[in-house]
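**Student:** What follows is a single structure, and I will ask about it in a moment.
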Amino acid sequence: MSEEEFTDLKRSEDLWINHCEDFLRRGFIPKRWNELPEYIKTERMKEYYIQLKRRIENERSN
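In the working numbering, the protein residues as written are 14 to 75.
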């Protein structure tokens with residue numbers, strides 16, 4: 014992967030994470046992992062979604 018491709022992918026990940034966080038702030042739940050586009054299913058996003066799931070479950074239990 015070239016540096017430009019890596020930068021584009023990281024930017025896409027950052028945008029998606031910001032999108033998810035905005036959804037949460039407005040009281041909505043973002044798309045589930047299996048509904049994401051394939052290009053965004055990276056290790057970083059997998060870790061984010063694992064943490065996101067925990068946060069949502071903790072919020073629901075409170």
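Glycine is no exception: its CB is placed at the ideal position from the N, C-alpha and C atoms.
These numbers come from a predicted model, not from an experiment.
(1) Which residue's Cα is closest to the Cα of K23: K54, N71 and R68?
(2) Secondary structure at S25, three-state DSSP: helix, strand or coil?
(3) Using the Cβ count rule (16 or more neighbours within 10 Å means buried), how would you classify M14?
(4) According to DSSP, is I42 helix, strand or coil?
**Tutor:** Here's the rundown:
(1) In the sequence shown, residue 23 corresponds to position 10, counting from 1. Checking every option, the nearest Cα to that of K23 belongs to K54.
(2) Counted from its first residue, the sequence shown places residue 25 at position 12. DSSP places S25 in the helix class (H, G or I) of the three-state scheme.
(3) Position 1 of the sequence shown, counted from the first residue, corresponds to residue 14. If you draw a 10 Å sphere on the C-beta of M14, you find fewer than 16 other C-beta atoms in it, and that means exposed.
(4) The residue given as residue 42 occupies position 29 in the sequence shown. Reduced to three states, the DSSP call for I42 is coil.
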